[in-house]
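As numbered in this note's numbering, residues 6 to 658 make up the sequence shown, in order.
Don't be surprised by glycine CBs; every beta carbon is placed ideally from N, CA and C.
Note that the structure is a prediction, hence the values are computed from the model and not measured.
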Amino acid sequence: MAELINAHDWASHPLGAIPTWPQALYSIIATMLASRFPMYLAWGKEGYSFYNDGYIPILTNKHPDALGASFEHVWGELTPDIRLLIDRTRDDHTSYFEDMPLTLLKNGKIEQCCFTFSYSGVRGDSGEVEGFYAVCLETTQAFHVKQQRANETERLRTLFEQTPGFMAVVRGPDHVFEIANDAYRALVGNTRELIGRSVLASLPEVAQQGFVALLDQVYQSGEPYIGRSIPLSVVRSTGQPPIDIFVDFVYQPIFDEARQVVGIMAQGHEVTEAHLARENLIKIDRQKDQFIATLAHELRNPLAPIRAASHLIQLPNITPERLDKATGIISRQVEHMAKLLDDLMDVARISRNQVQLVKERLSANTLMATALEAARPLIDKKGQKITVTQSDSVYLDGDMVRLTQVISNLVCNASKYTEAGGEIIVSTRREGEQCVISVEDNGIGISAPALHTIFDMFSQESEVIERSEGGLGIGLGLVKALVGLHGGAVHAQSEGRGRGSIFTVMLPCLPDQALPEGGAPSGSPLPASTGLKVLVADDNADLVDILSSFLELMGHQTVVALDGRQAFEVAKRELPSMAILDIGMPGMNGYELAQAIRAEPWGRAMTLVAATGWGNEEDQNRTKAAGFDIHMTKPISMEKLSEILDQLSAGQA
Numbered sequence: 006m007a008e009l010i011n012a013h014d015w016a017s018h019p020l021g022a023i024p025t026w027p028q029a030l031y032s033i034i035a036t037m038l039a040s041r042f043p044m045y046l047a048w049g050k051e052g053y054s055f056y057n058d059g060y061i062p063i064l065t066n067k068h069p070d071a072l073g074a075s076f077e078h079v080w081g082e083l084t085p086d087i088r089l090l091i092d093r094t095r096d097d098h099t100s101y102f103e104d105m106p107l108t109l110l111k112n113g114k115i116e117q118c119c120f121t122f123s124y125s126g127v128r129g130d131s132g133e134v135e136g137f138y139a140v141c142l143e144t145t146q147a148f149h150v151k152q153q154r155a156n157e158t159e160r161l162r163t164l165f166e167q168t169p170g171f172m173a174v175v176r177g178p179d180h181v182f183e184i185a186n187d188a189y190r191a192l193v194g195n196t197r198e199l200i201g202r203s204v205l206a207s208l209p210e211v212a213q214q215g216f217v218a219l220l221d222q223v224y225q226s227g228e229p230y231i232g233r234s235i236p237l238s239v240v241r242s243t244g245q246p247p248i249d250i251f252v253d254f255v256y257q258p259i260f261d262e263a264r265q266v267v268g269i270m271a272q273g274h275e276v277t278e279a280h281l282a283r284e285n286l287i288k289i290d291r292q293k294d295q296f297i298a299t300l301a302h303e304l305r306n307p308l309a310p311i312r313a314a315s316h317l318i319q320l321p322n323i324t325p326e327r328l329d330k331a332t333g334i335i336s337r338q339v340e341h342m343a344k345l346l347d348d349l350m351d352v353a354r355i356s357r358n359q360v361q362l363v364k365e366r367l368s369a370n371t372l373m374a375t376a377l378e379a380a381r382p383l384i385d386k387k388g389q390k391i392t393v394t395q396s397d398s399v400y401l402d403g404d405m406v407r408l409t410q411v412i413s414n415l416v417c418n419a420s421k422y423t424e425a426g427g428e429i430i431v432s433t434r435r436e437g438e439q440c441v442i443s444v445e446d447n448g449i450g451i452s453a454p455a456l457h458t459i460f461d462m463f464s465q466e467s468e469v470i471e472r473s474e475g476g477l478g479i480g481l482g483l484v485k486a487l488v489g490l491h492g493g494a495v496h497a498q499s500e501g502r503g504r505g506s507i508f509t510v511m512l513p514c515l516p517d518q519a520l521p522e523g524g525a526p527s528g529s530p531l532p533a534s535t536g537l538k539v540l541v542a543d544d545n546a547d548l549v550d551i552l553s554s555f556l557e558l559m560g561h562q563t564v565v566a567l568d569g570r571q572a573f574e575v576a577k578r579e580l581p582s583m584a585i586l587d588i589g590m591p592g593m594n595g596y597e598l599a600q601a602i603r604a605e606p607w608g609r610a611m612t613l614v615a616a617t618g619w620g621n622e623e624d625q626n627r628t629k630a631a632g633f634d635i636h637m638t639k640p641i642s643m644e645k646l647s648e649i650l651d652q653l654s655a656g657q658a
């Protein structure tokens, strides 16, 4: 450019020949030409143009005609955009702009360009501002790259914000929040102040659960952490109790160019619903297994006296009285098995919505009388006191058979889970448009957690081992379903284990109307239902009766007991050679009874036989550990029992 400037015809130019130029113009041109950075000078009122080699690419085809031309002639298309900037330089102002968009005419075409530049005024020899010069750099390509990156960053930020999973980025060893999406804020509570604060400061309860320690581990090791169904307790609203949830998440370390950890990205999903569903499936599967095992146990229990009675009937020396007793036992136990199977069929019908109700106008008192009649044998057997309170003129539109099934089930449950001699209170009353039937007992009660699941199918609050009458765990499920089909509701109350329970059924009433009444139970208490020496102990009286009859016909002497504590006292008093002990007895179960007998000097040599419906390897190991000599699975094989007695007799002879 120096040669071009020297060769230019300045004599005919308004500036005149070069020797006539002001010293200030010489100096700024010399400085400009010495620089490799793009520079432009506009001198004088018209802004006559000078520039260096670095500026030529910016001018494109305007070079070399731009030399000496006025600013408006060279950059006329820019004048509206930067006139204010030029005016400010004449007032001795300096301006600096970075990536400023400008519209330029390049090679005959209008283009949008970006420049980083500064404008400064230039003083003449008189000290007044005579023009301005610009130091500039075209940044169009770099700006577009930067803009693309910014757009991509914004797109990623939008994606970050809108992703359905929760995401957050923390920086530094203190784990300071840099960004968190809406899902993350919803997870921990939208009122939290996060950005610019550490996890410890923002989420103290989360830190206490070990999550900050996990962040420290990832930050220090550079290894990601993956958590599955991790429990998390968060306070989402100030003053509110924490909410317990479950999350799947990943802590992914963020590295700098030197592969040093500078932050951590946390991303994941709340999986509370899926976790609880999975836990529920596990629970259901466990209940299924328990139900199948319980079903086998419950079916074996009646089979035991049936099998024993059938062997007794085949003995040639059986008396007519014993034959009648054996056939009666078989009849009763078959009825018990039939009821178990009927309950199973009812479950299937209800699950398929196939229960057909035959509704009629019913008196609540008649319903109560019928239900108590069905439950009376069990109450009599256990010598329990039952008090009945009735209300006149309470009528229902319902299925007599099904509602009798409901009430008798509740009363039988109360009897089963109440000790012998306990008390049961049954009442009916009208409350508004509802008939309220309650069954209260002073039995074993219900734990608080079990109250939430007591009406689920296959749920049993009491352990089967503590009650041989534990049942299939479907009775209360049937009660709830049948009451629901009548448009009613049922709920349970208990102050806890050992505090009794109250079951309340509410059914829609019909308008008052007299109806002939059948007999109803009174409010008065029902009366209480009493060779080798062998103790037979089982709370199934039929089984005790048939086994003792069988043993006596074989020439042995028997003593009997119907619960664990009674069995211990009988064993202590009678000192039998053998004791056949049921495992599932109330008061003291078979395991406890065997251990108590073995602890006494008189019981160490006694032959103990476990009689139980539970027969897998674990059960057999448990009876052996408790001190039993022999494990027999119900129904007991009379042939095997005879062999055991023969061997014992031979040993004592």
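Span separating the alpha-carbon of residue i from that of residue j
{"i": "Arg312", "j": "Leu408", "result": "34 Å"}
{"i": "His636", "j": "Arg241", "result": "57 Å"}
{"i": "Gly52", "j": "Glu143", "result": "21 Å"}
{"i": "Ile235", "j": "Ala271", "result": "14 Å"}
{"i": "Ala212", "j": "Gly227", "result": "20 Å"}
{"i": "Ala12", "j": "Ala155", "result": "48 Å"}
{"i": "Gly656", "j": "Ala309", "result": "28 Å"}
{"i": "Glu183", "j": "Lys151", "result": "21 Å"}
{"i": "Asp249", "j": "Glu284", "result": "15 Å"}
{"i": "Val495", "j": "Leu415", "result": "11 Å"}
{"i": "Gln117", "j": "Glu77", "result": "19 Å"}
{"i": "Leu300", "j": "Leu383", "result": "21 Å"}
{"i": "Val5", "j": "Ala566", "result": "Any question about residue 5 goes unanswered here, given that the chain covers just 6 to 658."}
{"i": "Met105", "j": "Phe122", "result": "8 Å"}
{"i": "Glu428", "j": "Pro209", "result": "53 Å"}
{"i": "Pro521", "j": "Met350", "result": "Annotation note: pLDDT 40 at Pro521 (below 50); position unreliable, no value reported."}
Burial state of residue i, where buried means 16 or more other Cβ atoms lie within 10 Å
{"i": "Asn322", "result": "exposed"}
{"i": "Lys639", "result": "buried"}
{"i": "Leu483", "result": "buried"}
{"i": "Pro516", "result": "exposed"}
{"i": "Thr36", "result": "exposed"}
{"i": "Asn418", "result": "buried"}
{"i": "Ile287", "result": "exposed"}
{"i": "Thr535", "result": "For Thr535, the predicted structure reports a pLDDT of 27, less than 50, and the residue's modelled location is therefore unreliable. The matter cannot be settled from this model."}
{"i": "Asp70", "result": "exposed"}
{"i": "Ser452", "result": "exposed"}
{"i": "Ile544", "result": "Checking the sequence, you will find Asp at residue 544 rather than Ile. Looking at its Cβ environment, which holds 16 or more other Cβ atoms inside 10 Å, Asp544 is buried."}
Within-7 Å CB hit, residue i to chain D
{"i": "Leu540", "result": "The structure shown contains no chain D; it holds only a single protein chain."}
Beta-bridge pairing of residue i - partner residues as DSSP gives them
{"i": "Trp48", "result": "Tyr53 and Gly136"}
{"i": "Ile391", "result": "Ile429"}
{"i": "Ser100", "result": "Tyr124"}
{"i": "Ala542", "result": "Ala566 and Leu586"}
{"i": "Pro106", "result": "Cys119"}
{"i": "Cys141", "result": "Phe122"}
{"i": "Asp58", "result": "None; Asp58 has no bridge partner."}
{"i": "Ser131", "result": "Partner(s): none; Ser131 has no beta bridge."}
{"i": "Ser443", "result": "Ser432 and Thr509"}
{"i": "Cys514", "result": "Leu401"}
{"i": "Val575", "result": "Answer by DSSP bridge pairing: none, since Val575 is not bridged."}
{"i": "His636", "result": "Ala615"}
{"i": "Lys114", "result": "Lys111"}
{"i": "Ala185", "result": "Ala173"}
{"i": "Tyr256", "result": "Tyr230 and Ala271"}
Whole-number beta carbon distance between residue j and residue i, since they are thought to touch under 8 Å
{"i": "Leu586", "j": "Ala604", "result": "In fact, because the Cβ distance is near 15 Å, the residues do not count as touching under 8 Å."}
{"i": "Lys344", "j": "Asp404", "result": "Rounded, the Cβ-Cβ distance is 18 Å, inconsistent with contact."}
{"i": "Tyr138", "j": "Tyr31", "result": "About 14 Å separates the two Cβ atoms, so there is no contact after all."}
{"i": "Lys538", "j": "Ser582", "result": "6 Å"}
Cβ pair residue i, residue j closer than 7 Å
{"i": "Gly2", "j": "Gly136", "result": "Here the chain comprises residues numbered 6 to 658, so residue 2 is not present and cannot be evaluated."}
{"i": "Val488", "j": "Val431", "result": "no"}
{"i": "Asp261", "j": "Arg233", "result": "no"}
{"i": "Val276", "j": "Phe251", "result": "yes"}
{"i": "Asn186", "j": "Gly618", "result": "no"}
{"i": "Ala314", "j": "Ile334", "result": "yes"}
{"i": "Tyr189", "j": "Phe165", "result": "no"}
{"i": "Ile63", "j": "Val127", "result": "no"}
{"i": "Phe460", "j": "Lys485", "result": "yes"}
{"i": "Asp624", "j": "Pro591", "result": "no"}
Near the ligand SAH: residue i beta-carbon under 6 Å from a heavy atom
{"i": "His98", "result": "Among the ligands in the structure shown, none appear at all, so the ligand SAH cannot be discussed."}
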